[in-house]
Amino acid sequence: MKKDVNVHEIFSAIANQYDRLNTILSFGTDRLWRHQAIKLCELKPEAKVLDLCCGTGMMITSLCKKVGPQTQVVGLDFNAKMLAVAEKRLAAQPMRFNYRLVEGNVLDLPFPQASFDCVTIAFGLRNVPGTADALSQIYGVLKPGGRLVCLELSNPEMPVFKNVYSVYFTHFLPVLGYLGTGNKQAYSYLRDSVKRFLSKTELQQAFDQAGFEGTFFKPLTGGIAAIHVGIKPPIQPQ
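Numbering (my numbering), first residue to last: 2 to 239.
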């Protein structure tokens with residue numbers, strides 16, 4: 002579990018600068034990506050939604066705006082400092098949101114089986130030590146017919162974007178990341194976590210192996226990120 006401890010320390014150190022770092026990593030398009038991911042959630046007003054690795058609350062804030070106050074959105078993260086930033090953000094919104102923040106582990110979700118209509122996870126799955134185990138946990142807490150929507154950074158395949166992003170990652174991002182956060186270790190970890198993570202096709206296959214149906218992914222900005230979608234099979238009538 003040493004890797005877990007190190008990751009926890011990194012996110013504690015950059016909690017107040019995490020949003021800035023995400024903007025740097027995404028060429029400033031992370032807000033637009035979240036908006037597109039929420040559209041693919043196909044949420045109904047009464048939907049019960051869980052946002053995993055909710056971090057500083059960017060995704061859960063957008064989800065609360067989407068579903069309105071009539072239903073509760075639950076956010077879970079393993080880092081108390083990130084959750085404190087999320088709580089401050091949500092409490093400062095002009096609208097009154099119905100939300101609950103939970104400190105917990107994606108690999109041991111503290112929720113009843115089949116209790117959510119939709120689960121989202123943005124920029125977090127690659128930080129979980131065990132993608133298959135995480136997807137199994139998510140599958141369990143989704144209701145039959147429920148939807149998983151995962152927004153994640155990726156390695157671009159398009160030649161032009163691949164070359165440009167490689168130069169950006171190798172030469173410009175170290176400087177920008179350090180200036181943005183003052184934490185060189187955090188930049189290095191987040192950069193390397195993208196390089197190490199599953200390809201888009203491999204992640205779709207992991208969704209399939211976890212039991213999800215209708216899986217697909219939507220590449221974003223030349224493939225530097227993607228939205229992955231999977232549906233838990235509905236109960237078939239007898």
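Every residue, glycine too, gets a C-beta built ideally from N, C-alpha and C.
Computed from a predicted structure; not experimentally measured.
Taking the straight line between their C-alpha atoms, what separation do you get for residue i and residue j?
i	j	result
K196	R32	22 Å
L152	L53	11 Å
V168	I39	31 Å
M60	K66	10 Å
G141	C55	19 Å
S27	P238	44 Å
L180	G29	16 Å
When the Cα of residue i is compared with those of the options, which residue comes out closest?
i	options	result
F117	R97, R148, A93	R148
K219	V230, F213, Q210	V230
M83	I39, P46, V8, S137	V8
P111	I122, K89, Q138, N80	Q138
L320	E43, R127, P113, G105	Since the displayed the chain opens at 2 and closes at 239, residue 320 lies outside it and no answer follows.
A93	E203, V142, T62	T62
L143	F170, P113, R90	P113
F170	L180, D193, V150	D193
A48	R97, A115, S27, L180	A115
F12	S189, M159, S27	S189
In its own chain, which residues sit with a C-beta less than 6 Å from the C-beta of residue i, not counting the 5 before and 5 after it?
i	result
N99	P70, Q73
Y166	P157, I225
P235	P145, G146
E214	I232, P234
F79	N106
V150	A38, L41, C42, T121, V230
N184	A14, I15
K163	P157
Less than 8 Å between the C-beta atoms of residue i and residue j, yes or no?
i	j	result
A16	V86	yes
T68	P46	The sequence shown places Val at residue 68, not Thr. In this structure, P46 lies closer than 8 Å to V68 by Cβ.
V107	A133	no
L199	A211	no
D109	T57	no
A81	E104	yes
T202	D209	no
Q18	I228	no
E88	L102	yes
Report all residues from its chain with a CB closer than 7 Å to the CB of residue i; omit the five preceding and five following residues, and keep chain order.
i	result
K4	Confidence at K4 is low in this model, with a pLDDT of 47, below 50, so the placement of that residue should be treated as unreliable; the coordinate-derived value is given next. These residues qualify, in order along the chain: P130.
Quick check on residue i: buried or exposed, where buried means 16 or more other Cβ atoms within 10 Å of its Cβ?
i	result
N23	buried
E10	exposed
M2	In this predicted model, M2 has a pLDDT of only 36, less than 50, meaning its place in the structure is not dependable; the value taken from the coordinates is given anyway. Result: exposed.
S155	buried
V176	exposed
R35	buried
A187	buried
F173	exposed
G125	buried
L204	buried
L221	buried
L91	buried
CB-CB under 8 Å to residue i, same chain, minus the five flanking residues each way: which ones, in chain order?
i	result
V6	Only weak support is given to the placement of V6: the predicted model assigns it a pLDDT of 44, under 50, and the question is left unresolved by the model.
V50	C42, L44, L64, V68, T72, V74, V75, F117, D118, C119, V120, T121
L161	Before going further, note that residue 161 is Val rather than Leu in the sequence given. Within the same chain, V161 has close Cβ partners G223.
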